[in-house]
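Asker: The first sequence begins at 22 in the numbering used here and counts up by one.
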Amino acid sequence: MDYHKLSEMLYPKVTETPESLEARFPRRNLPEGAKVTRFAPSPTGFVHMGALFPCTVSSILAKESGGVFYLRIEDTDDKRAVEGGVEEIIATLSDYGISFDEGPSQGGGYGPYSQRARVEFYHAYAKNLVSRGLAYPCFCSEEELTHMRSDQEAQKTNYGYYGGWAICRDLSFDSIAERLLSGASYVLRLRASHESGQDAGTKSKSEPDIGSNIMFDDPAKGRIEMPPNDIDHVLLKSDGVPTYHFAHAVDDHLMGTTHVVRGDEWIATYPLHHMLFDLLGFKRPKYIHLAPLMKTDGGGKRKLSKRKDPECALSWYAGQGYPVQTVQEYIMTLLNSNFEDWRRANPTAGLRDFPFSPKKMNAAGALFDLQKLDDVSKNVVSRMTAEEVYTELTAWAERFDPAFFTCLTRDPAYTVKTLSIGRGGNKPRKDFGRWGEAKEYLSFFFDELFTPAAPPDPAFCKAYAEGYDPGGSQEEWFASVKALGERHGYCPDVKQYKSDPADWKGSVADASASLRLAVTGRENSPDLYQVMQILGQERVIGRLKA
RNA sequence: GGCCCGUUGGUCAAGCGGUUAAGACUCCGCCCUUUCACGGCGGCAACACGAGUUCGAGUCUCGUACGGGUCACCA
Numbered sequence: 022m023d024y025h026k027l028s029e030m031l032y033p034k035v036t037e038t039p040e041s042l043e044a045r046f047p048r049r050n051l052p053e054g055a056k057v058t059r060f061a062p063s064p065t066g067f068v069h070m071g072a073l074f075p076c077t078v079s080s081i082l083a084k085e086s087g088g089v090f091y092l093r094i095e096d097t098d099d100k101r102a103v104e105g106g107v108e109e110i111i112a113t114l115s116d117y118g119i120s121f122d123e124g125p126s127q128g129g130g131y132g133p134y135s136q137r138a139r140v141e142f143y144h145a146y147a148k149n150l151v152s153r154g155l156a157y158p159c160f161c162s163e164e165e166l167t168h169m170r171s172d173q174e175a176q177k178t179n180y181g182y183y184g185g186w187a188i189c190r191d192l193s194f195d196s197i198a199e200r201l202l203s204g205a206s207y208v209l210r211l212r213a214s215h216e217s218g219q220d221a222g223t224k225s226k227s228e229p230d231i232g233s234n235i236m237f238d239d240p241a242k243g244r245i246e247m248p249p250n251d252i253d254h255v256l257l258k259s260d261g262v263p264t265y266h267f268a269h270a271v272d273d274h275l276m277g278t279t280h281v282v283r284g285d286e287w288i289a290t291y292p293l294h295h296m297l298f299d300l301l302g303f304k305r306p307k308y309i310h311l312a313p314l315m316k317t318d319g320g321g322k323r324k325l326s327k328r329k330d331p332e333c334a335l336s337w338y339a340g341q342g343y344p345v346q347t348v349q350e351y352i353m354t355l356l357n358s359n360f361e362d363w364r365r366a367n368p369t370a371g372l373r374d375f376p377f378s379p380k381k382m383n384a385a386g387a388l389f390d391l392q393k394l395d396d397v398s399k400n401v402v403s404r405m406t407a408e409e410v411y412t413e414l415t416a417w418a419e420r421f422d423p424a425f426f427t428c429l430t431r432d433p434a435y436t437v438k439t440l441s442i443g444r445g446g447n448k449p450r451k452d453f454g455r456w457g458e459a460k461e462y463l464s465f466f467f468d469e470l471f472t473p474a475a476p477p478d479p480a481f482c483k484a485y486a487e488g489y490d491p492g493g494s495q496e497e498w499f500a501s502v503k504a505l506g507e508r509h510g511y512c513p514d515v516k517q518y519k520s521d522p523a524d525w526k527g528s529v530a531d532a533s534a535s536l537r538l539a540v541t542g543r544e545n546s547p548d549l550y551q552v553m554q555i556l557g558q559e560r561v562i563g564r565l566k567a
């Protein structure tokens, strides 16, 4: 077989060669240790949790090493493309603090940055492989492949196009030429081995190829050892567009990627990638495989699903009113086990300052825990200033709760005051973590949201209202609560009350509880004195007497 | 079915041959406190199972069970 002649027949118009491409895309000139990483989504427009994880890791790895992080659109499957999807992806990631050094919108020296625009590159390498006898056209139809699969199942042999099952592997030149002339469609397959078909297909299982296994070291998973690839995988689909595998090899080589971060569902295809890089003469990148996010379902765990789980979509967090920073912090918490400790030690430090370590990543899939997310969020919100909360809260309300938005923005200074209670200092309040929760928390500050509740001791409330003096200090204020409470049968000293409860109706704590319920309509509220100050004399007295 | 990965309290998660097996979330108790929170202190609660290697195993090896992934002209 004259493979060179075959390659010319298959790709007569291809003018680029591996040599010309190597010359066009020289190795990146970067400092020692700089990592080049990428985010490579399909242009569906959606970024989901499962994608944000590897994306975050890639971004961090590049940034902290002074390397390059770029966006590459994997649009080889035209069924998935969505209008405006790329812009949507960029905008979403920008919200989450992730930006690219190179990509389809801003360009860069290693583009184009979408795979459809790179087809000639793949063909140059494909032609080269064919001319070296390492790839061949396959004319099998979908039906034939389906039959093959069921035969393999019946024979309990491994599935796939390999060895003796690879019927197009040894087609003669004339036979290929004839089919091409008749316009038959074909895919280009890798010739995974040169063994004669029969041997490979019937190799005895009791004689494994000891020592021929390939291995790689994954920082997250440790050393992984697998048998080498023996499947004649498809390299170019019948429309000439590459499969993920082939595009991965060509693109990541040409674009100088040093570290590939991806989900661990890709581990199974590693042997193919290993083989492709070797055959093409490329230096293999380092791989970091991340375990999938899990969630409890019924009794067991399962992978977080794009289709079934709303919390998989990033938009869900926006709708619930989780600050972006919460999601970022939570991702870091799941990604690196020492992040929480670091955060406690550095409560105000920026996320970028965290020393991320790929080795600290967990090998097993983490369970996505909404309760934990709430806790993280409360901490995040408690560290914000009242003005920051105001800005984010109103932005959320404008989109998701217009009525609430109207309340909040009617008097911005007033709203900021309500948000200031218990904020700042070493022990900030942690009343809410989601903007959706803030409405409930703030309800009594706005008359249209206020729901009155009957206090246990209306007489006391009324008496208190009669003598209410809004001008006093906090100390004077609570001295007056104690004094009036005592006259109504409430012990001014909680400890004394506890040791001798029989003599009293309750303690000053119960007196306060009555006032709180009357003024706020709730058993929980921030510091009552400050609440009353903000509400103003008229509203306080009105509610106490109601 | 083949191949690969995983399994420490309810959840997340340290641990790398010798530890009283960290810490966080949840829950419970106590303290602080005018209230509500915050905070502090304490408690409940774990190495999937079985062999082996070793003076000694959560840590190494093998097997079993369970969970997950993958085996497309999808990525």
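Quick reminder that beta carbons are idealized off the backbone N, C-alpha and C, glycines included.
Between Val401 and the rest of its own chain, which residues show a CB-CB distance below 8 Å, the 5 nearest in sequence each way excluded?
Answerer: Along the first sequence, one-based indexing puts residue 401 at 380. Closer than 8 Å at the Cβ level, and outside the excluded window around Val401, lie Pro344, Gln346, Thr347, Glu350 and Gly454.
Asker: Using the Cβ count rule (16 or more neighbours within 10 Å means buried), how would you classify Met236?
Answerer: Here the question's residue 236 lines up with position 215 in the first sequence. Looking at its Cβ environment, which holds fewer than 16 other Cβ atoms inside 10 Å, Met236 is exposed.
Asker: Of the choices Ser80, Ala270 and Phe67, whose alpha-carbon is the least far from that of Pro292?
Answerer: Here the question's residue 292 lines up with position 271 in the first sequence. The residue with the shortest Cα to Cα distance from Pro292 is Ala270.
Asker: Under 8 Å by Cβ, that's how I've got Gly128 and Asp122 pegged, so tell me the actual separation to the nearest angstrom.
Answerer: For the purposes of this step, residue 128 is taken as residue 107 along the first sequence, with counting starting at 1. For the purposes of this step, residue 122 is taken as residue 101 along the first sequence, with counting starting at 1. The pair is not a contact, with the Cβ atoms about 11 Å apart (cut-off 8 Å).
Asker: Among all the DSSP beta bridges, which residues are the ones paired with His6?
Answerer: Residue 6 is absent from the model: the chain starts at 22 and stops at 567.
Asker: Taking Cβ to Cβ, would you say Lys304 is nearer than 8 Å to His280?
Answerer: For the purposes of this step, residue 304 is identified with residue 283 of the first sequence, where counting begins at 1. For the purposes of this step, residue 280 is identified with residue 259 of the first sequence, where counting begins at 1. No.
Asker: Do Gly71 and Pro313 have their C-beta atoms closer together than 8 Å?
Answerer: Indexing the first sequence from 1 puts residue 71 at position 50. Indexing the first sequence from 1 puts residue 313 at position 292. With respect to the 8 Å criterion, Gly71 and Pro313 are classified as neighbours on the basis of their beta carbons.
Asker: Taking the alpha carbon of Leu470 as the reference point, which residue from Thr97, Gly542 and Ser86 has its own alpha carbon closest?
Answerer: Indexing the first sequence from 1 puts residue 470 at position 449. Taking only the C-alpha atoms, the option nearest Leu470 is Gly542.
Asker: In or out: Tyr511 buried (at least 16 other Cβ within 10 Å) or exposed?
Answerer: Taking the first sequence and counting its residues from 1, the one referred to as residue 511 is at position 490. Result: buried.
Asker: Taking C-beta to C-beta, are Glu29 and Glu141 nearer than 8 Å?
Answerer: What you label residue 29 is simply residue 8 of the first sequence in a count that begins at 1. What you label residue 141 is simply residue 120 of the first sequence in a count that begins at 1. Cβ distance not < 8 Å, so Glu29 and Glu141 don't count as in contact.
Asker: Per DSSP, Leu92 is paired with what?
Answerer: Residue mapping note: residue 92 aligns to position 71 of the first sequence, counting from 1. DSSP, once it has assigned bridges, lists Phe60 as partnering Leu92.
Asker: Is the beta carbon of Met315 within less than 7 Å of some heavy atom of the ligand ADP?
Answerer: As far as ligands go, the structure on display features none, and thus does not contain the ligand ADP.
Asker: To which residues of the same chain is Glu286 closer than 8 Å at the C-beta, ignoring the five residues directly before and after it?
Answerer: Translated into positions along the first sequence, residue 286 becomes position 265. Cβ neighbours of Glu286 beyond the five flanking positions: Pro313.
Asker: Taking Cβ to Cβ, would you say Leu256 is nearer than 8 Å to Leu209?
Answerer: For this step, residue 256 is matched to residue 235 along the first sequence. For this step, residue 209 is matched to residue 188 along the first sequence. It is a contact, given that the beta carbons lie within the stated cut-off.
Asker: If you count every other CB in all the chains shown that lies within 10 Å of the CB of Leu391, and 16 or more means buried, which is it?
Answerer: Translated into positions along the first sequence, residue 391 becomes position 370. Its Cβ having fewer than 16 others within 10 Å, Leu391 is exposed.
Asker: Measure the alpha-carbon distance for Pro331 versus His69 and round it to whole angstroms.
Answerer: Taking the first residue of the first sequence as 1, we reach residue 331 at position 310. Taking the first residue of the first sequence as 1, we reach residue 69 at position 48. Distance between the alpha carbons of Pro331 and His69 is about 10 Å.
Asker: Could you check if Tyr411 is buried or exposed, using at least 16 other CB atoms within 10 Å of its CB as the buried criterion?
Answerer: If you number the first sequence from 1, residue 411 lands on position 390. Burial call: buried.
Asker: In the DSSP assignment, what residue or residues form a beta bridge with Lys451?
Answerer: Within the first sequence, the letter at position 430 stands for residue 451. None; Lys451 has no bridge partner.
Asker: Flag this pair as yes or no: are the beta carbons of Val529 and Pro513 separated by less than 8 Å?
Answerer: Your numbering for residue 529 matches position 508 in the first sequence. Your numbering for residue 513 matches position 492 in the first sequence. Contact flag set, yes.
Asker: Is it right to say Pro423 is buried, meaning 16 or more other beta carbons lie within 10 angstroms of its own, or is it exposed?
Answerer: Here residue 423 refers to the residue found at position 402 when the first sequence is read from its first residue. With fewer than 16 other Cβ atoms within 10 Å, it is exposed.
Asker: What's the C-alpha gap between Tyr338 and Lys177?
Answerer: Residue numbering aside, residue 338 sits at position 317 when the first sequence is read from its first letter. Residue numbering aside, residue 177 sits at position 156 when the first sequence is read from its first letter. When rounded, the distance between both Cα atoms is 46 Å.
Asker: Might you give, ordered along the chain, the residues of its own chain that have their beta carbon closer than 6 Å to the beta carbon of Val78, omitting 5 neighbours on each side?
Answerer: Taking the first residue of the first sequence as position 1, residue 78 is located at position 57. Here the set comprises Val282.
Asker: Ignore the nearest five residues each way along the sequence and tell me which others in Lys519's own chain have a CB closer than 8 Å to its CB.
Answerer: Here residue 519 corresponds to residue number 498 of the first sequence, with the count starting at 1. Cβ neighbours of Lys519 beyond the five flanking positions: Ser528.
Asker: Pull the bridge partners of His310 from the DSSP assignment, please.
Answerer: Here residue 310 corresponds to residue number 289 of the first sequence, with the count starting at 1. Partner(s): Arg283.
Asker: If we ignore side chains and look at the alpha-carbon of each, how far apart do Pro229 and Asn250 end up?
Answerer: Position 208 of the first sequence holds residue 229. Position 229 of the first sequence holds residue 250. The predicted model places Pro229 with a pLDDT of 33, which falls under 50 and marks its position as unreliable, so this point remains unresolved.
Asker: Just how far apart, CA to CA, sit His310 and Lys242?
Answerer: Indexing the first sequence from 1 puts residue 310 at position 289. Indexing the first sequence from 1 puts residue 242 at position 221. For His310 and Lys242, the distance between alpha carbons rounds to 7 Å.
Asker: Between the beta-carbon of Phe360 and the beta-carbon of Met315, is there less than 8 Å?
Answerer: Here residue 360 refers to the residue found at position 339 when the first sequence is read from its first residue. Here residue 315 refers to the residue found at position 294 when the first sequence is read from its first residue. Not in contact: Phe360 and Met315 (Cβ atoms no closer than 8 Å).
Asker: Roughly how many angstroms lie between the CA atoms of Ser171 and Val151, to the nearest whole one?
Answerer: Reading the first sequence from its first residue, position 150 is the one you call residue 171. Reading the first sequence from its first residue, position 130 is the one you call residue 151. Rounded to the nearest whole angstrom, the C-alpha separation of Ser171 and Val151 is 30 Å.
Asker: Beta-carbon within less than 8 Å of Arg450's beta-carbon, same chain only, minus the 5 sequence neighbours each way: which residues are those?
Answerer: The sequence position of residue 450 within the first sequence is 429, counting from 1. Same-chain partners within the cutoff: Ser403, Ile442, Gly443, Arg444 and Pro547.
Asker: Under the three-state reduction of DSSP, which class applies to Val262: helix, strand or coil?
Answerer: To locate residue 262, count along the first sequence from 1; it is residue 241. Val262: coil per DSSP, three-state reduction.
Asker: Under 6 Å Cβ to Cβ from Ala459, same chain only, skipping five residues before and after it: list those, please.
Answerer: Here residue 459 corresponds to residue number 438 of the first sequence, with the count starting at 1. So the qualifying residues of the chain are Leu414 and Phe453.
Asker: For Met353, which of Gly106, Glu544, Leu394 and Met169 has the nearest alpha-carbon?
Answerer: Your numbering for residue 353 matches position 332 in the first sequence. Looking at the Cα atoms, Leu394 is the closest of the given residues.
Asker: Name the DSSP beta bridge partners of Glu246, please?
Answerer: Position 225 of the first sequence holds residue 246. DSSP output for Glu246 lists Met236 as bridge partner(s).
Asker: Which whole-angstrom value describes the C-beta separation of Ala145 and Leu275, a residue pair presumed to lie in contact below a C-beta threshold of 8 Å?
Answerer: As a first step, residue 145 is located in the first sequence; it is residue number 124 there, counting from the start. As a first step, residue 275 is located in the first sequence; it is residue number 254 there, counting from the start. Not really, about 10 Å apart at Cβ, beyond 8 Å.
Asker: At the level of alpha carbons, what is the spacing between Tyr550 and Trp498?
Answerer: For this step, residue 550 is matched to residue 529 along the first sequence. For this step, residue 498 is matched to residue 477 along the first sequence. Using only the alpha carbons, I get a separation of about 7 Å.
Asker: Could you check where the beta strand (DSSP E) with Val255 kicks off and where it finishes?
Answerer: Indexing the first sequence from 1 puts residue 255 at position 234. Note, Val255: beta strand (DSSP E), Val255 to Leu257.
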